[in-house]
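Residue numbers (the working numbering): 42 to 788.
This is the structure we're talking about:
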């Protein structure tokens, strides 16, 4: 029984993309928070003016001290603020941690909370205010981290316990301040407790105390020398008071957050009363009549509510990321995978009738390249099998005699020395309409971008399967792309191939090493290993007159060995390697001529290299040669030489072998599968000395050269266009059967 596709797959795909959209939206919202925050500045300046104005001429004060608000709505907003507004408090002071974290949304929410107060307030710069780069927001919206204010006869001093303000500077500033400023009462606020740790302090709370003992001892000394009455801190979620050498150290951390203890850990704020001879503190407990377990539940719920209210978008972001991760796990772990082809698929009904195939390529004639020749041979081979083929290709400056089954796309951008690389208008409605009228059974694309995108889009639009041929190792073409070379070569090129391939129902690769590469980068679609077909008979036929004409044209003597290399003259073809290797041979083997067949942007550079290496008598740049006379060059050659490492197959090597010419090449992924070392030629490491030694061996041994040439011809016969086209057509049939059967193509 055939395994049917899971009906939950579309749902998971929908959830996956919805979550990705959610994440993108939340990231955008975070950017908005940073860029679109309200313009709130120097709040403390206004608050200080109001506090000092109300207390002018009075030495008696009544104010509230709160600690660890943590953006609390359930406790601070709903319980404490109403008591402060209805009481006789002149102002409120936060001893630290008024916010849950330094994120912009926490500061924004804090302003909303404080706006409900009907009395002025001041904040101590605590650990939470400093976290997550929040120090910048605090300084901008409230003011300096270290400051002081005289309220009546009482001196209030606010210190920075986070280390954001250098401790040595604070010591010097505090000593100067106390010498200059006289006061009846001195009250200090610092976010972290200065006194010694309690014996029952939990291990995870050790860091909640002030850890710089030198600074702490210096502060204590200054407090004792200058008759500081009281030091308020927060950070610990409790209320306690200890006295050391006449200084009262008070911890208050109950204005919000999570509090679970039965004793001192209760939500509260402090009522502080300053009189001429005394300062009294009264803790005002919230829900004091409730049992401890009920207080714990309310505390826990308040902390959750505060987190959700302040950080709802961050919470959703986390949920979205986790959901996407869960979706990924489902698709790759939970869901069953069948990594083997389904041999029960019956493609007979699709292969028993002519197929209609739409081909898309970014290159085509009159530009001559391995890709264009490969496409043309496949097109002709399929037509000979009775299929109808429509080609969608770019326009060129040079005219070409197209048949009625070729559609030219207007060119948006042309690059290359002669504008040979075309970026066609793949958004053209004319192209889409023509393909819709053609009604293809299958779409075959030859590039993972440009017109390849259009082909893939039309496949989805028309519900037609798409097959992609992996022709080119994109990473070796980084010098043509207007992006950082390393970024394109090591990341973008592989990502582009993987993403495009997995959106196609099938991928054709010319060699097993190319297939291995695709699997390594994560391609999971159907693959067919099928080298490009060659017209073996055309290259096998010898034309002595044409060969003699070429000898005469290039002034090649009868006893001179002929080397031929065919490629585009560009960086990725590694032609300079060949020239430098020949230079290593010196004058020991002068009777050879190398014909470099092809054209490209490196032509002038290569000619300079030839002249510099003293190879002018031995190396000839022939320029571009028409495809119909290329067999004569292969027949003329005694040895075909090649050094490119950017090939997926090296079709020119098979063409040379079909002409009975042995090959000396550099081993690489596209070459390794088509040369049998020591049988059809030699493949060496990327080492000029090794390469030229193998070349000399064949130049000097006529018998071996002829033997390897005969074996090369026999090997190449297996790559003739007719059987290759038949195997590709069979692959089309498999893809069509799989597609119409509704089976997933990714493994």
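Where is the CB? At the ideal position from N, CA and C, for every residue including glycine.
Whole-angstrom distance between residue 165 and residue 282, CA atom to CA atom: 19 Å
Cβ neighbour criterion (16 or more within 10 Å) applied to residue 317: exposed
Beta-carbon spacing of residue 192, residue 92 below 8 Å: yes
Close beta carbons around residue 218, own chain, < 8 Å, minus the five adjacent residues each side: 189 and 198
Residue from 494, 688 and 580 whose Cα sits closest to the Cα of residue 714: 688
Backbone secondary structure at residue 775 - three-state DSSP: helix
Exposed unless 16 or more other CB atoms sit within 10 angstroms - verdict on residue 323: That one is exposed.
Whole-Å CB distance - residue 620 paired with residue 641, under 8 Å assumed: Wrong, their Cβ atoms sit about 15 Å apart, outside the cutoff.
Identity of the residue in 764, 294, 653 and 746 nearest residue 273 by Cα: 294
Reduced DSSP secondary structure (H/G/I, E/B, other) of residue 391: Of the three classes helix, strand and coil, the one that applies to residue 391 here is helix, per DSSP.
Residue range of the unbroken alpha helix (DSSP H) whose run includes residue 270: It is not in any alpha helix (DSSP H) - residue 270 carries neither H nor E in the DSSP assignment.
Neighbourhood of residue 168 by C-beta, 8 Å cutoff - its chain only, sequence neighbours within 5 removed: Correct list, in chain order: 137, 138, 202, 203, 232, 233 and 276.
For residue 137, the first and last residue of its enclosing beta strand (DSSP E): Looking at the DSSP string, residue 137 is not in any beta strand (DSSP E), and its letter there is neither H nor E.
Close-in-space but distant-in-sequence residues of the same chain around residue 441 (CB under 6 Å, 5 per side omitted): 406 and 407
Given residue 681 as reference, the closest of 413, 635 and 572 once Cα atoms are compared: Out of 413, 635 and 572, the CA that lies nearest to the CA of residue 681 is found in 635.
Cα-Cα separation, residue 665 to residue 639: 4 Å
Span separating the alpha-carbon of residue 401 from that of residue 751: 37 Å
Residue from 259, 278, 220 and 291 with nearest C-alpha to residue 228: 291
Residue(s) in a DSSP beta bridge with residue 547: Residue 547 has 508 and 567 as its beta-bridge partners, per DSSP.
Anticipated Cβ contact below 8 Å, residue 721 with residue 756, distance rounded: 5 Å
Whether residue 605 touches residue 502 by CB criterion (8 Å): no
Nearest-angstrom beta carbon gap, residue 653 and residue 633 [assumed within contact, 8 Å]: Rounded, the Cβ-Cβ distance is 19 Å, inconsistent with contact.
Spatial distance of residue 718 from residue 700 (CA atoms): 18 Å
Residue from 561, 533, 327 and 671 with nearest C-alpha to residue 584: 671
Contact check, residue 673 vs residue 587, beta carbons under 8 Å: yes
Buried versus exposed call for residue 691 [16 or more other C-beta atoms within 10 Å across all chains shown]: buried
Contact check, residue 194 vs residue 222, beta carbons under 8 Å: Not in contact: residue 194 and residue 222 (Cβ atoms no closer than 8 Å).
Enclosing beta strand (DSSP E) for residue 435 [first to last residue]: 429 to 435
Residue environment, residue 154, which counts as buried when at least 16 other CB atoms sit within 10 Å: Counting Cβ neighbours within 10 Å, residue 154 comes out buried, since at least 16 surround it.
Residue 471 - DSSP class collapsed to helix/strand/coil: Reduced to three states, the DSSP call for residue 471 is helix.
Those runs of the beta strand (DSSP E) which lie wholly inside the region 714 to 770 and span at least 3 residues: 722 to 725
Selection from 765, 694 and 486 that minimises the alpha carbon distance to residue 425: 765
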